[in-house]
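Enquirer:
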Amino acid sequence: MSVFENKTRVDISKVNSNALITNKGLLSLLENTACMHSDTAGYGILDIPNTHLSWVQLNWKVQIFRRLKYGENVTIKTWARASSKVSTLRDFEVFDENNNLTCIATTRWTLVNADTGGITKITDGIIDRYHPEDKSVLPDFTFKKLEEPTEFSNEYVYTTQRRDIDVNKHMHNLNYLDLAYEALPEEVYLNSEFNNIEIMYKAAILLGDTSKCLYANKDGKHIIVIKSMDGKTLHCIINLWKDFFF
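All residue numbers for the sequence shown refer to my numbering, where the first residue is 18 and numbers rise by one.
#1: Who are H239's beta bridge partners in DSSP?
#2: Which stretch, first to last residue, makes up the beta strand (DSSP E) that contains E168?
#3: Taking the C-alpha atoms as reference points, what is the distance between D113 and C120?
#4: What number of angstroms, rounded off, separates the C-alpha of K244 from the C-alpha of K219?
#5: Do you know how far the Cα of E110 is from the Cα of D28?
#6: Look at the Cβ atom of R107, then the Cβ atom of W126, and state whether they are nearer than 8 Å.
#7: Would you mind reading off the limits of the alpha helix (DSSP H) that contains M217?
#8: What residues match up with S45 in a beta bridge as DSSP calls it?
#9: Mind checking who K86 pairs with in its DSSP beta bridge?
#10: Using the DSSP secondary-structure output, state which residues sit across from E114 in a beta bridge.
#11: Please give the ranges of any alpha helix (DSSP H) in the region 137-197, keeping only runs that are unbroken, at least 4 residues long and fully inside the region.
#12: Tell me whether L63 sits in a helix, a strand or coil according to DSSP, three-state version.
#13: Roughly how many whole angstroms lie between the Cα atoms of L224 and L128?
#14: Between T250 and the rest of its own chain, which residues show a CB-CB distance below 7 Å, the 5 nearest in sequence each way excluded?
#15: Return the CA-CA distance between Q178 and Y193, expressed in angstroms with no decimal places.
#16: Can you tell me whether H148 is buried or exposed, with buried defined as 16 or more other CB within 10 angstroms of its CB?
#17: Return helix, strand or coil for A99, following the three-state DSSP convention.
#18: With the cut-off set at 8 Å, would you say D132 and H187 are in Cβ contact?
#19: Pop quiz: K229 and V174 are said to be a contact at Cβ under 8 Å. What is the actual Cβ separation, rounded to whole angstroms?
#20: Roughly how many angstroms lie between the CA atoms of G88 and S19, to the nearest whole one?
#21: With 16 as the cutoff for other CB atoms within 10 Å, does L231 come out buried or exposed?
Printed below as a string of structure tokens:
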């Protein structure tokens, strides 16, 4: 099956105090759907003991047209796209129960050796199990390196807890979004959810690591840079904004 579908419901863990889906809740639905697709291809989480391979996410690009509410039934469609030897692309569409498109997303992934953590070649045999499609939700978009601002106005410091660690033994990629929201100034945080999200992951955060999350507002975007305390290691850059532009 080239396009994988997941029919689900927006539950209480995915919404905010206004009963609207949060950005983390939405990305969680997308991520779970991608994992389910990998299960069918034979490269899912439960296959790791046999394949010794695990997918690690490198980038998110998400645009939200309408924010789903608690209790809504949704259909999430996902498919694999073009692949190089070191990374592959995956796209998503999210439809409400009236078949209205509420969200699109494109992502980039790499494959790692689950025993060593090193990047592993994505062979034709592996990607063929996903039956990649040529279709792209953002045909004119290419992932590029996100730039760090030179000045910041806010900082948040966090030490990684056991609850943050995932199957790859590092901070789960969606938890970086939690850190980003903690770094936002109060007046920014109290605004409505941002309809555009772009995330670039660089170096994993491990259990016990203390990181600093630096905030800047530049060109209408709220930018959060997550680095090691000594500033030498860049872990992640997250861009959040409201307007529909790329």
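Glycine is no exception: its CB is placed at the ideal position from the N, C-alpha and C atoms.
Computed from a predicted model, the values in this text were never measured in an experiment.
Expert: Reading off the structure:
#1: Residue mapping note: residue 239 aligns to position 222 of the sequence shown, counting from 1. DSSP, once it has assigned bridges, lists N234, L257 as partnering H239.
#2: Numbered from 1 along the sequence shown, position 151 holds the residue referred to as residue 168. For E168, there is no enclosing beta strand (DSSP E), since its DSSP letter is neither H nor E.
#3: Within the sequence shown, residue 113 is the residue found at index 96, counting from 1. Within the sequence shown, residue 120 is the residue found at index 103, counting from 1. D113 and C120: Cα-Cα distance of roughly 10 Å.
#4: The residue labelled residue 244 in the question sits at position 227 within the sequence shown. The residue labelled residue 219 in the question sits at position 202 within the sequence shown. Near 10 Å, if we compare the C-alpha coordinates of K219 and K244.
#5: Taking the first residue of the sequence shown as 1, we reach residue 28 at position 11. Taking the first residue of the sequence shown as 1, we reach residue 110 at position 93. About 19 Å.
#6: Taking the sequence shown and counting its residues from 1, the one referred to as residue 107 is at position 90. Taking the sequence shown and counting its residues from 1, the one referred to as residue 126 is at position 109. Taking 8 Å as the Cβ cut-off, R107 and W126 qualify as a contacting pair.
#7: As a working mapping, residue 217 is identified with position 200 in the sequence shown. Taken as a continuous stretch (DSSP letters only), M217 belongs to no alpha helix (DSSP H), being part of the beta strand (DSSP E) at 213-218.
#8: The count along the sequence shown starts at 1 and reaches residue 45 at position 28. According to DSSP, S45 bridges with nothing at all.
#9: As a working note, residue 86 is residue 69 in the sequence shown. Paired residue(s): L37.
#10: Here residue 114 corresponds to residue number 97 of the sequence shown, with the count starting at 1. Beta-bridge pairing links E114 to no other residue.
#11: 141-145
#12: Counting from 1 along the sequence shown, the entry for residue 63 is found at position 46. Residue state, collapsed to three classes: helix.
#13: Here residue 224 refers to the residue found at position 207 when the sequence shown is read from its first residue. Here residue 128 refers to the residue found at position 111 when the sequence shown is read from its first residue. For L224 and L128, the distance between alpha carbons rounds to 21 Å.
#14: Taking the first residue of the sequence shown as 1, we reach residue 250 at position 233. Taken in chain order, the residues that qualify are A220, K244.
#15: Stepping through the sequence shown from its first residue, residue 178 is reached at position 161. Stepping through the sequence shown from its first residue, residue 193 is reached at position 176. Roughly 13 Å separates the two Cα atoms.
#16: By one-based count along the sequence shown, residue 148 stands at place 131. The residue in question, H148, is exposed, as its Cβ has fewer than 16 Cβ neighbours within 10 Å.
#17: Along the sequence shown, read from residue 1 onward, the residue named residue 99 stands at position 82. In the structure shown, A99 sits in a strand (DSSP, three-state: E or B).
#18: Position 115 of the sequence shown holds residue 132. Position 170 of the sequence shown holds residue 187. With respect to H187, D132 sits apart: the two C-beta atoms are not nearer than 8 Å.
#19: Translated into the one-based positions of the sequence shown, residue 229 becomes position 212. Translated into the one-based positions of the sequence shown, residue 174 becomes position 157. Contact holds; Cβ gap of about 5 Å.
#20: For this step, residue 88 is matched to residue 71 along the sequence shown. For this step, residue 19 is matched to residue 2 along the sequence shown. So the alpha carbons of these two residues sit roughly 28 Å apart.
#21: Locating residue 231 in the sequence shown gives position 214, where the first residue counts as 1. That one is buried.
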